[in-house]
Each structure stands twice: as structure tokens, then as C-alpha cells.
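Engineer: Please find one structure pasted underneath; my questions will follow.
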Amino acid sequence: MTILTDQQIASYAYKAGARNEIGAQDLTLSVAIALAESGGDTAVTHKNSDTRRTTDLGVWQINNYWHRDLLAKYAWSDPAANAQMMWIIKTQRGGWAQWSTFNNGSFFKYMPRAIKAAEAVQSGTAQTLPQATNDPAANMDSNSNATATLTSPNTWLRLAMIVTGGLLLLVALAMLGWEGAPTPIKKAAKTAGKTAVKAAVL
227 MTILTDQQIA SYAYKAGARN EIGAQDLTLS VAIALAESGG DTAVTHKNSD TRRTTDLGVW
287 QINNYWHRDL LAKYAWSDPA ANAQMMWIIK TQRGGWAQWS TFNNGSFFKY MPRAIKAAEA
347 VQSGTAQTLP QATNDPAANM DSNSNATATL TSPNTWLRLA MIVTGGLLLL VALAMLGWEG
407 APTPIKKAAK TAGKTAVKAA VL
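Right under this line is the structure:
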């Protein structure tokens, strides 16, 4: 069993294709969802209570019934392969709504951590990951990608948006954690936070 750090999760997601861009914070969301789904555990499995008795596998908890074709191609316990499957599902099979932790909002509490990890990876300040055996992006030149990111005219705008969004999320989280807050305020803060994040990434 290997527990990935937040930055390692972000690095695998980034190599699979997830990016934070204006109007789509996919890298941040991929980290938050992974943390909510598996805590970064590469070997974790979860048996569902559905009629098909399906099992979710790995960092992004890939379902062995709905995505059995992907699992036949990729080794789910390899975080690079699990990230690749995640990105295929996100971009080609229904988006983030395919994860229950996105739909029920449980990813929300991991957003501050995810924002920091995604910012470090996309800005090129995170440590480079070793190439995994089954990494579909094994030939990617990480150095050239980091250089391209740093020299992009939109990079600093994106980072500013991420930081601003992070502050707003922290405020919402503080409201949710305020013991004396009336129930309507907590409910409104949670709803507003989920709505803002979903609007930015869908």
C-alpha cells in the first residue's frame, strides 16, 4: 500500500491531462476528488452496495463494472494508470458527475489542500515524479511542460484566480465550521460553495 501526498496526486493528474484554466479548475478538482475517494491510497478498494455488487479501485476509485474496458487496459493500482483512466472518464464519459464524492459535495472539504497542491504542480515548483511502469504519459517531457507553463501569459492570471478561489472556499468552510452559526447560514454556505465550484468546472 502506498499513500500519495497531495502534490503526488496532483502530479499524476497533471501528467494525465488535468489542468487549471480559466473557467475550468480540473487539476484542483481531480486532487480534491481523489482525496475524498481514497485518501491517496493506491491500493484501496471499495465494494458498493448496488445490485451489480461492483467494486471501486485505486486512487480515483475506478468502477470495475462501468469502466471494465479501461481496467482491462490499465493497471488500476498504478497511480499513473489510474489517473489516465480518471481523465478519460472525466473528458469522455460524463465529467466529474461520475464520482459520488463530487455529487454529494464531500470533496469540498479537501479543496484548500487541493488548491495548494495544484498550484505547486502547475507552476512547476513541485518535485518531479519518477516514471511509472504503466504510465501512459511516460514520454512526456516534464521540463518543457513546466517551462511552457511558466512562460504562458495566462499562468499568473490562473494562479491569481486559484488563490482568490481558495480564499473564498476557506471563508465558506469557516462558516460551515462555526458552531454557533444558525442552520440556514450553514446550509446557504455549503450550497453556495458547491454551486460556485461546479459552475467553474462543468
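In my numbering, the protein residues as written are 227 to 428. Backbone N, C-alpha and C fix where the C-beta goes; we use that ideal spot for every residue, glycine too.
1. Quick check on the DSSP output: the alpha helix (DSSP H) that includes Thr281 runs from which residue to which?
2. Can you give me the C-alpha to C-alpha distance between Leu255 and Thr268, rounded to a whole angstrom?
3. Between Leu230 and Ala244, which are expected to be in contact by the criterion C-beta below 8 Å, what is the C-beta distance as a whole number of angstroms?
4. Figure out for me which residue from Asp276, Asp282, Lys316, Ala352 has the closest Cα to the Cα of Glu263.
5. What does the Cβ neighbour count give for Tyr240, buried or exposed, with the cut at 16 atoms within 10 Å?
6. Rounded C-beta distance between Gln233 and Ala343? I'm assuming under 8 Å.
7. Among Ala306, Ile315, Arg319, which residue has its Cα nearest to the Cα of Gly266?
8. Measuring CB to CB, does Ile259 end up less than 8 Å from Trp325?
9. Along the chain, where does the beta strand (DSSP E) containing Lys273 start, and where does it finish?
10. Quick one: give me the first and last residue of the alpha helix (DSSP H) that Ala478 is part of.
Structural biologist: So, to answer that:
1. In the sequence shown, the residue the question calls residue 281 occupies position 55. It is not in any alpha helix (DSSP H) - Thr281 instead sits in the beta strand (DSSP E) that spans 281-283.
2. Sequence index remark: in the sequence shown, residue 255 carries index 29 (1-based). Sequence index remark: in the sequence shown, residue 268 carries index 42 (1-based). Each residue's Cα considered, the two are about 18 Å apart.
3. Counted from its first residue, the sequence shown places residue 230 at position 4. Counted from its first residue, the sequence shown places residue 244 at position 18. The pair is not a contact, with the Cβ atoms about 15 Å apart (cut-off 8 Å).
4. Counting from one through the sequence shown, the residue named residue 263 turns up at place 37. Glu263 has its Cα closest to that of Asp282, out of Asp276, Asp282, Lys316, Ala352.
5. By one-based count along the sequence shown, residue 240 stands at place 14. Result: buried.
6. Working through the sequence shown from its first residue, we reach residue 233 at position 7. Working through the sequence shown from its first residue, we reach residue 343 at position 117. Between Ala343 and Gln233 the Cβ distance is about 5 Å, and since that is below 8 Å, they are a contact.
7. If you number the sequence shown from 1, residue 266 lands on position 40. The shortest Cα separation from Gly266 among Ala306, Ile315, Arg319 belongs to Ala306.
8. Residue mapping note: residue 259 aligns to position 33 of the sequence shown, counting from 1. Residue mapping note: residue 325 aligns to position 99 of the sequence shown, counting from 1. Result yes, Cβ atoms of Ile259 and Trp325 sit closer than 8 Å.
9. Numbered from 1 along the sequence shown, position 47 holds the residue referred to as residue 273. Where Lys273 is concerned, the enclosing beta strand (DSSP E) stretches over 271-273.
10. Any property of residue 478 remains undetermined from this structure, which presents the chain solely from 227 to 428.
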